[in-house]
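There are 2 protein chains.
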Amino acid sequence: MKKWVACSGVLVCLLSFAGWRASHAEDTKTDQFSPYVSADGSIERPANFRTEFVHMGSWFVPEGDASGFHDVYTQQSTVEAFRETGQFPDGAVLVKELRAATAGNYTTGPNVAYANDQLKQWFVMVKDAKGRFPDHPLWGQGWGWALFKPDAPSKNVATNYETDCLGCHVPAQSRDWVYSEAYPTLKK
Amino acid sequence: MKKWVACSGVLVCLLSFAGWRASHAEDTKTDQFSPYVSADGSIERPANFRTEFVHMGSWFVPEGDASGFHDVYTQQSTVEAFRETGQFPDGAVLVKELRAATAGNYTTGPNVAYANDQLKQWFVMVKDAKGRFPDHPLWGQGWGWALFKPDAPSKNVATNYETDCLGCHVPAQSRDWVYSEAYPTLKK
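From first to last, the protein sequence lines are chains U and H.
Per the working numbering, the very first residue in the first sequence carries number 32; after that it's consecutive.
Per the working numbering, the very first residue in the second sequence carries number 32; after that it's consecutive.
Encoded structure:
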């Protein structure tokens with residue numbers, strides 16, 4: 032019995048160490064503000080957002096350069112916080128993926144559209160409630176702004192958020208620059 | 032030190048018991064095949080699928096009774112299994128939520144549509160690779176079939192899958208009755 036108890040002691044010690052390591056790793060990330068933002072303000076596209084993030088909602092754009100499906104995703108914790116406060120919390124990451132649409136005749140009706148495999152681009156916004164990067168051309172109005180293209184999906188091709196990104200968001204300025212009417216998941 | 036070790040022993044004992052309880056609960060669910068299927072074959076609509084399931088993809092149906100957005104969700108484990116095998120695994124749950132669409136003019140273009148708050152219905156399919164309910168009118172062709180309406184969201188209003196559900200799926204029969212072309216998330 033004594034031996035078992037001692038053995039358990041060692042085990043609990045190992046478990047505690049594993050727990051400390053896990054929480055310490057989390058702390059390090061918190062120090063860096065976001066796992067998708069480096070110390071110099073560079074923004075990374077979350078790699079597995081389609082399986083690890085929550086779907087906020089989608090847009091269907093019938094024509095023009097932006098035609099197709101715009102599927103929008105965020106972290107589960109962001110949805111929980113938004114439902115509670117009506118605001119995007121510090122560190123919220125929004126990913127909008129654009130794919131071209133294919134239309135066909137289905138049993139649900141004619142001209143039914145769905146997102147096909149042709150990826151067009153990804154928009155990423157990261158909420159920064161503390162103005163962490165005041166002199167950075169891709170941070171402002173409470174957000175970090177990024178645009179990624181399929182030919183180099185890890186390179187943010189936006190260079191200045193005011194000229195590259197903000198214009199399209201002006202009508203949503205009063206809602207923290209996000210067209211939240213399209214996102215049923217954000218509602219309680 | 033001895034006291035601490037003994038104390039840790041008790042703690043590890045409690046932790047082990049908690050672990051056993053958790054895994055036992057999981058076993059019970061497995062015995063019942065699916066947390067969304069009762070022993071008599073009744074199918075329940077997963078309550079929090081928009082935040083707990085993965086978005087497979089969406090359809091946009093421009094007109095008719097089924098017009099609006101059809102957002103389709105499944106478990107993360109189903110996505111992983113499908114990417115590996117190209118098949119829906121036993122226990123896969125597919126939820127298709129229909130919401131009416133609103134269209135407006137946005138900076139992305141005219142007539143841009145998004146899913147509004149008017150919920151129309153939910154379709155639920157549960158993969159049953161073992162023919163568990165051979166005499167049940169809502170189970171067949173390798174799936175359980177269910178339809179829920181917003182006025183009574185916990186009541187499956189389908190009564191016979193062959194007359195209520197299967198007709199619309201016939202064109203997708205060769206792909207296990209699912210129109211998988213619309214689901215980018217299922218691709219590797």
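Ideal placement from N, C-alpha and C gives every residue a C-beta, glycine not left out.
Alpha-carbon spacing of residue i relative to residue j, whole angstroms
{"i": "H:Phe113", "j": "H:Ala132", "result": "30 Å"}
{"i": "U:Met156", "j": "U:Asp102", "result": "14 Å"}
{"i": "U:Phe255", "j": "U:Tyr137", "result": "This structure gives no information on residue 255 of chain U, because the portion of chain U shown stretches from 32 to 219."}
{"i": "H:Ser185", "j": "H:Leu129", "result": "16 Å"}
{"i": "H:Thr109", "j": "H:Val68", "result": "16 Å"}
{"i": "H:Gln118", "j": "U:Leu178", "result": "34 Å"}
{"i": "U:Asp96", "j": "H:Pro165", "result": "51 Å"}
{"i": "U:Asp121", "j": "H:Gln106", "result": "28 Å"}
{"i": "U:Pro93", "j": "H:Gly88", "result": "17 Å"}
{"i": "U:Trp176", "j": "U:Leu197", "result": "9 Å"}
{"i": "H:Phe100", "j": "U:Asn142", "result": "13 Å"}
{"i": "U:Gly140", "j": "H:Val201", "result": "14 Å"}
{"i": "U:Gln63", "j": "U:Glu75", "result": "13 Å"}
{"i": "U:Ser205", "j": "U:Val124", "result": "19 Å"}
{"i": "U:Asp182", "j": "H:Ala70", "result": "50 Å"}
{"i": "H:Arg84", "j": "H:Tyr104", "result": "Looking at the sequence shown, residue 84 of chain H is not Arg but Phe. In a straight line, the C-alpha of H:Phe84 is about 6 Å away from that of H:Tyr104."}
{"i": "H:Glu212", "j": "U:Lys151", "result": "18 Å"}
{"i": "H:Cys199", "j": "U:Gln149", "result": "27 Å"}
{"i": "U:Phe91", "j": "U:Lys219", "result": "23 Å"}
{"i": "U:Gly162", "j": "H:Tyr210", "result": "46 Å"}
{"i": "H:His167", "j": "H:Lys180", "result": "21 Å"}
{"i": "H:Asp159", "j": "H:Gly72", "result": "11 Å"}
{"i": "H:Asn147", "j": "H:Gly171", "result": "33 Å"}
{"i": "H:His86", "j": "H:Tyr214", "result": "9 Å"}
{"i": "U:Ala134", "j": "H:Ser98", "result": "14 Å"}
{"i": "U:Asn187", "j": "U:Glu111", "result": "28 Å"}
DSSP three-state assignment for residue i, whether helix, strand or coil
{"i": "H:Glu57", "result": "Any reading at H:Glu57 needs caution, since the residue's pLDDT is 41, under 50, leaving its predicted position unreliable; the model's value is listed next. The answer is helix: DSSP assigns H:Glu57 an H, G or I state."}
{"i": "U:Pro66", "result": "coil"}
{"i": "H:Phe113", "result": "helix"}
{"i": "U:Val188", "result": "coil"}
{"i": "H:Gly175", "result": "strand"}
{"i": "H:Pro141", "result": "strand"}
{"i": "H:Gly122", "result": "coil"}
{"i": "H:Val85", "result": "strand"}
{"i": "U:Val43", "result": "The predicted model places U:Val43 with a pLDDT of 48, which falls under 50 and marks its position as unreliable, so this point remains unresolved."}
{"i": "H:Arg52", "result": "Confidence at H:Arg52 is low in this model, with a pLDDT of 47, below 50, so the placement of that residue should be treated as unreliable; the coordinate-derived value is given next. Note: H:Arg52 maps to helix in three-state DSSP."}
{"i": "H:Glu128", "result": "strand"}
{"i": "U:Asp182", "result": "coil"}
{"i": "H:Leu169", "result": "coil"}
{"i": "U:Val155", "result": "strand"}
{"i": "U:Phe100", "result": "strand"}
{"i": "H:Gly198", "result": "helix"}
{"i": "H:Phe80", "result": "helix"}
{"i": "U:Gln149", "result": "strand"}
{"i": "U:Ala160", "result": "coil"}
Anticipated Cβ contact below 8 Å, residue i with residue j, distance rounded
{"i": "H:Ala203", "j": "H:Asp195", "result": "16 Å between Cβ atoms; not a contact."}
{"i": "U:Tyr145", "j": "U:Leu169", "result": "Actually they are not in contact, since the Cβ atoms of U:Tyr145 and U:Leu169 sit about 33 Å apart, beyond 8 Å."}
{"i": "H:Trp174", "j": "H:Trp208", "result": "6 Å"}
{"i": "U:Thr116", "j": "H:Thr216", "result": "So it is not a contact: roughly 29 Å between Cβ atoms."}
{"i": "H:Leu126", "j": "H:Pro77", "result": "According to the sequence provided, residue 126 of chain H is Val. The question's Leu does not apply to it. Right, their Cβ atoms sit about 6 Å apart."}
key: Residues in the stretch 73-96 of chain H having any Cβ partner in chain B nearer than 7 Å   = Within the model displayed, chain B is absent; protein chains U and H are what it includes.
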